[in-house]
Amino acid sequence: MSCIGVVDTTFARVDMGSVAVEELKNLLPHAVVKRITVPGIKNTVWGALRLIKDGCDAVIVLGWVGPTQVDKYSYLATSIGLIQLQIATGALVLDVTVHEEEGGGDEKKLKEIAIDRARKHAWNLAQLLTEGLEKYAGKGLRQGYPHAGEIL
Amino acid sequence: MSCIGVVDTTFARVDMGSVAVEELKNLLPHAVVKRITVPGIKNTVWGALRLIKDGCDAVIVLGWVGPTQVDKYSYLATSIGLIQLQIATGALVLDVTVHEEEGGGDEKKLKEIAIDRARKHAWNLAQLLTEGLEKYAGKGLRQGYPHAGEIL
Amino acid sequence: MSCIGVVDTTFARVDMGSVAVEELKNLLPHAVVKRITVPGIKNTVWGALRLIKDGCDAVIVLGWVGPTQVDKYSYLATSIGLIQLQIATGALVLDVTVHEEEGGGDEKKLKEIAIDRARKHAWNLAQLLTEGLEKYAGKGLRQGYPHAGEIL
Amino acid sequence: MSCIGVVDTTFARVDMGSVAVEELKNLLPHAVVKRITVPGIKNTVWGALRLIKDGCDAVIVLGWVGPTQVDKYSYLATSIGLIQLQIATGALVLDVTVHEEEGGGDEKKLKEIAIDRARKHAWNLAQLLTEGLEKYAGKGLRQGYPHAGEIL
Amino acid sequence: MSCIGVVDTTFARVDMGSVAVEELKNLLPHAVVKRITVPGIKNTVWGALRLIKDGCDAVIVLGWVGPTQVDKYSYLATSIGLIQLQIATGALVLDVTVHEEEGGGDEKKLKEIAIDRARKHAWNLAQLLTEGLEKYAGKGLRQGYPHAGEIL
């Protein structure tokens with residue numbers, strides 16, 4: 001198994017990168033995990049590209065997005081870029097973002113969302129690389145919030 | 001005939017993937033149908049790419065989109081990516097999405113929309129690969145809703 | 001002269017494809033006109049790509065766009081894709097769209113807009129392939145509406 | 001020196017293409033100036049591509065954008081496309097647009113904006129190809145409006 | 001070490017390019033710093049591409065964005081383009097923008113934001129090329145504003 005990359009930012013207010021690294025090491029004990037930290041969300045594409053060039057064929061990107069409309073355009077540009085990167089390289093890039101307004105002004109809640117989301121998406125990455133996610137299809141899984149569940 | 005791919009998500013609250021697989025097998029009994037499930041809509045491009053690399057030259061993607069503005073930007077990024085994937089590979093990728101607000105708060109209705117849309121787009125895919133859709137041009141066909149019909 | 005492609009949709013409520021085919025045959029009697037119908041606007045990029053691979057170096061795409069914000073994002077993704085397709089292939093792709101709200105609720109008017117627009121853009125395509133449009137530069141030409149005219 | 005391209009549209013209500021051609025000939029008397037007119041803004045990418053293939057390594061694109069939200073999405077798609085074209089070809093493409101609402105309903109003012117903007121961006125193009133713009137860095141230059149100036 | 005590029009604009013109202021050049025020379029005294037000034041934000045992709053072709057493998061882009069919705073679409077198109085450029089070339093492009101509304105009408109404050117942001121992102125660039133930013137991961141660093149800090 002080649003390496004798994006973790007990209008995070010100095011803009012984030014929670015160290016999601018360390019959460020993801022720890023979780024990936026638990027779930028995939030034989031994998032090599034490489035990490036790079038970049039300033040903000042728009043730089044994560046370059047960070048992921050560097051890790052892919054460094055031998056990683058799966059990368060988890062942990063972005064933190066401000067609350068303004070300009071921040072949302074940055075989110076959109078980054079999302080487009082991370083998708084293009086996958087088309088260009090074939091690598092899997094799991095794109096995880098926390099949006100500052102999600103906390104509703106409650107920093108503690110925001111931190112919990114960030115940690116839960118990083119951890120659950122690390123699990124998603126591990127599943128995609130091993131057993132797959134087919135048995136959870138249509139189950140309404142959520143990260144950072146309780147699962148919505150399947151409509152019965 | 002090479003394989004047909006089905007990509008769906010664990011974020012979805014209805015198992016549209018199984019609906020599409022069943023319908024495709026009915027309509028194209030000689031086709032090989034391969035399926036992959038990914039976490040959310042933005043990961044469907046990687047899923048479709050993997051199935052294309054696996055030999056599929058037509059893929060149906062079943063996305064589920066949340067109701068917020070951030071969700072709509074994710075929809076936009078994914079739509080751009082799935083189109084780029086077609087330009088890059090030449091494969092046909094039918095991009096099917098259900099938007100959570102379509103149910104108007106009624107989960108049963110939302111499920112009906114999701115199933116109808118998955119089934120009708122599976123039919124669209126089968127038609128494109130066999131007889132074509134030329135005789136339905138301008139007929140105001142809809143998926144998930146009643147047909148709007150041609151303006152006479 | 002190689003072939004000219006026409007792409008239209010089953011989502012459209014007016015058969016703009018037939019209008020364009022007829023007009024192109026009148027204007028360019030020696031051209032081969034090929035047509036493909038796809039489900040909706042986001043599938044037109046694949047349709048145009050297929051016709052380009054089939055030998056067409058000019059394609060007219062006739063899209064029909066719903067009135068919601070999600071429809072407009074689909075319009076945006078498609079517009080970006082059709083432009084990318086031109087960069088990737090060098091082919092001319094004339095991107096024609098009718099937006100359902102243009103009729104102001106009057107279906108007859110909407111149909112007139114659709115037919116006028118398809119016909120005038122078929123003329124634009126023929127001009128681009130023959131004499132060019134330089135003598136109409138800055139003249140405020142419109143399709144589907146009366147010409148706005150040059151500001152004098 | 002290879003050729004310089006000018007792309008304009010029949011949608012525009014002012015003949016900005018002729019203004020740019022004249023200005024470029026004054027500023028760069030030894031350059032070959034080639035012009036192509038296309039229907040609307042979304043077709044300018046193809047127009048610029050054709051001129052680049054025809055030997056131009058710098059192109060000025062003169063777009064005219066309507067006032068509606070759909071027009072602005074067309075602006076966005078075109079802007080993305082013209083940037084992609086530069087990445088794909090290495091050519092310089094100066095992207096100049098006039099937005100119909102800029103006149104505030106006053107057609108004479110709108111025409112003045114269009115002419116001033118076309119002329120000043122032709123100057124920008126000439127500067128980029130000769131002495132460069134470094135001495136104007138941060139000077140708050142504007143086209144179509146009075147210069148905003150440097151904040152002192 | 002190959003060269004580091006600086007791209008700025010004549011549209012900007014503060015000479016951020018000179019601030020970045022000075023800071024980069026202080027932080028990376030052995031680096032060659034090359035600068036190019038272009039008219040506006042949408043031209044920065046071409047500017048960065050030229051410096052990359054000229055041998056730079058890291059570029060800082062200093063954009064200035066107007067307050068209107070059209071300006072924000074230009075911001076979005078540029079952001080997408082600068083990300084694509086990194087995918088296409090592998091070079092690091094740090095994308096720094098000041099938005100005119102950030103000053104809240106106070107030009108002096110706007111200038112301070114611009115200078116602080118240019119300086120801090122020059123530091124980010126230098127860190128990425130030397131020791132890395134991993135020890136600042138999740139620390140809530142900001143440029144142009146006080147650091148938001150980590151949520152404890």
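Protein chains in written order, with the working numbering: chain A, 1 to 152; chain B, 1 to 152; chain C, 1 to 152; chain D, 1 to 152; chain E, 1 to 152.
Cβ coordinates follow ideal geometry from the N, Cα and C atoms, glycine included.
Mind checking which residues open and close the beta strand (DSSP E) that includes residue i?
i        : result
B/Leu62  : 58 to 65
B/Ile153 : Nothing about residue 153 of chain B can be read from this structure; chain B reaches only from 1 to 152.
D/Leu94  : 92 to 99
E/Val38  : 33 to 38
B/Thr9   : 4 to 9
For residue i and residue j, I'd like the C-alpha separation in whole angstroms.
i        : j        : result
D/Ile80  : A/His30  : 42 angstroms
D/Val6   : C/Leu152 : 22 angstroms
B/Thr68  : B/Val98  : 13 angstroms
A/Gly66  : A/Pro39  : 13 angstroms
B/Ile83  : D/Ile87  : 19 angstroms
B/Leu85  : E/Glu107 : 45 angstroms
C/Gln143 : C/Glu131 : 19 angstroms
A/Ala48  : D/Lys139 : 36 angstroms
E/Lys109 : E/Lys53  : 36 angstroms
A/Glu112 : A/Ile4   : 24 angstroms
C/Leu24  : C/Thr37  : 17 angstroms
B/Arg117 : C/Ala137 : 44 angstroms
D/Trp46  : C/Glu150 : 24 angstroms
C/Gly105 : B/Gly105 : 27 angstroms
D/Leu94  : D/Asn26  : 18 angstroms
C/Ile60  : B/Leu141 : 21 angstroms
E/Ser156 : D/Ser2   : A query on residue 156 of chain E cannot be resolved here, the shown segment of chain E reaching from 1 to 152 and no further.
Could you tell me which of the options sits nearest to residue i, measuring between CA atoms?
i        : options                              : result
A/Ala91  : B/Ile83, B/Pro39, B/Lys139, B/Arg50  : B/Arg50
B/Val96  : B/Asp71, B/Tyr73, B/Asn124, B/Leu85  : B/Asn124
D/Gly103 : D/Tyr145, D/Lys139, D/Val33, D/Asp54 : D/Tyr145
D/Glu134 : E/Met16, E/Ile52, E/Ser2, E/Glu100   : E/Met16
D/Cys56  : D/Leu62, D/Tyr73, D/Lys34            : D/Lys34
B/Val14  : B/Leu128, B/Leu62, B/Trp46           : B/Leu62
A/Glu22  : A/His121, A/Val45, A/Thr10, A/Trp64  : A/His121
C/Ala148 : D/Ile60, D/Gly149, D/Ser18, D/Trp64  : D/Trp64
C/Leu128 : C/Val19, C/Trp46, C/Ala58, C/Ser2    : C/Ala58
C/Glu101 : D/Val70, D/Ser2, D/Asn26, D/Glu100   : D/Val70
Under 8 angstroms by Cβ, that's how I've got residue i and residue j pegged, so tell me the actual separation to the nearest angstrom.
i       : j        : result
A/Ala12 : A/Lys42  : With 8 angstroms as the limit, A/Ala12 and A/Lys42 do not qualify as a contact, their Cβ atoms being about 13 angstroms apart.
A/Leu28 : A/Ala114 : Incorrect: roughly 21 angstroms between the Cβ atoms, too far for contact.
A/Thr44 : A/Thr89  : Their Cβ separation, rounded to whole angstroms, is 14 angstroms, which puts A/Thr44 and A/Thr89 out of contact at 8 angstroms.
E/Val32 : E/Arg119 : Rounded, the Cβ-Cβ distance is 20 angstroms, inconsistent with contact.
D/Tyr75 : C/Lys72  : The Cβ separation is near 13 angstroms, so there is no contact.
For the alpha helix (DSSP H) that contains residue i, what are its first and last residues?
i        : result
B/Gly17  : 16 to 27
D/His121 : 107 to 129
D/Lys53  : 44 to 53
B/Gly81  : 69 to 89
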